[in-house]
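Student: Just passing along the structure, written as structure tokens.
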Amino acid sequence: MKDGQQIRFSGEGDQSPGLEAGDVVIVLDEKEHNVFRRRGVDLLMQLEISLTEALCGFQHHIQTLDDRTLAIMSLPGTAPCNSVYSSL
-5 MKDGQQIRFS GEGDQSPGLE AGDVVIVLDE KEHNVFRRRG VDLLMQLEIS
45 LTEALCGFQH HIQTLDDRTL AIMSLPGTAP CNSVYSSL
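What follows is the structure, encoded as structure tokens:
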């Protein structure tokens, strides 16, 4: 879903006897986040790692928007180079 996109529920508005029910329209308002940013349907975050972590591997824990904790792990010698995206 995109910022400004509308979701319409036809005939679900206020209902009164003898009157046609109106529509309920929800307009999405995307707000910026201090950790994640959106690119299309993907959420991105930037994670800086040290040279030691890049060479020897690392494990970081990330708190998601729905309050889950994800473990991000890279094995020794497999850390992505500059400007490479890793997906979960």
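Throughout the sequence shown, residue numbering follows my numbering, covering -5 to 82 in sequence. Every residue gets a Cβ at the ideal spot worked out from N, C-alpha and C, and that includes glycine.
At what residue ranges does the stretch 49 to 76 contain a whole run of the beta strand (DSSP E), taking only runs of 3 or more?
Tutor: 52 to 57 and 63 to 68
Student: From what residue to what residue does the beta strand (DSSP E) around LEU38 run?
Tutor: Numbered from its first residue, the sequence shown carries residue 38 at position 44. From DSSP, the beta strand (DSSP E) with LEU38 extends over 36 to 38.
Student: In angstroms, rounded to a whole number, what distance separates the CA positions of ARG33 and ILE56?
Tutor: Here residue 33 is taken as the residue at index 39 of the sequence shown, counted from 1. Here residue 56 is taken as the residue at index 62 of the sequence shown, counted from 1. ARG33 and ILE56: Cα-Cα distance of roughly 19 Å.
Student: When you compare the CB positions of LEU45 and HIS54, do they come within less than 8 Å of one another, or not?
Tutor: In the sequence shown, the residue the question calls residue 45 occupies position 51. In the sequence shown, the residue the question calls residue 54 occupies position 60. For LEU45 and HIS54, no; Cβs fall outside 8 Å.
Student: Below 6 Å CB to CB, which residues in the same chain sit around GLN21 once its five sequence neighbours on both sides are set aside?
Tutor: In the sequence shown, the residue the question calls residue 21 occupies position 27. Looking at the sequence itself, residue 21 is Val, so the reference to Gln does not match. Counting only Cβ-Cβ distances below 6 Å, and skipping sequence neighbours, we find GLN0.
Student: Hey, quick one: how far does the beta strand (DSSP E) through PHE30 stretch, first residue to last?
Tutor: In the sequence shown, the residue the question calls residue 30 occupies position 36. Per DSSP, PHE30 belongs to no beta strand (DSSP E) and is neither H nor E.
Student: Just how far apart, CA to CA, sit ASN28 and LEU38?
Tutor: Numbered from 1 along the sequence shown, position 34 holds the residue referred to as residue 28. Numbered from 1 along the sequence shown, position 44 holds the residue referred to as residue 38. If you draw a straight line from the Cα of ASN28 to the Cα of LEU38, it is about 11 Å long.
Student: If you follow the beta strand (DSSP E) that ILE1 is part of, which residue opens it and which one closes it?
Tutor: Counting from 1 along the sequence shown, the entry for residue 1 is found at position 7. Run containing ILE1: 0 to 3, per the beta strand (DSSP E) assignment.
Student: Quickly, what does DSSP pair ILE20 with across the bridge? List them, please.
Tutor: For this step, residue 20 is matched to residue 26 along the sequence shown. DSSP, once it has assigned bridges, lists ILE1 as partnering ILE20.
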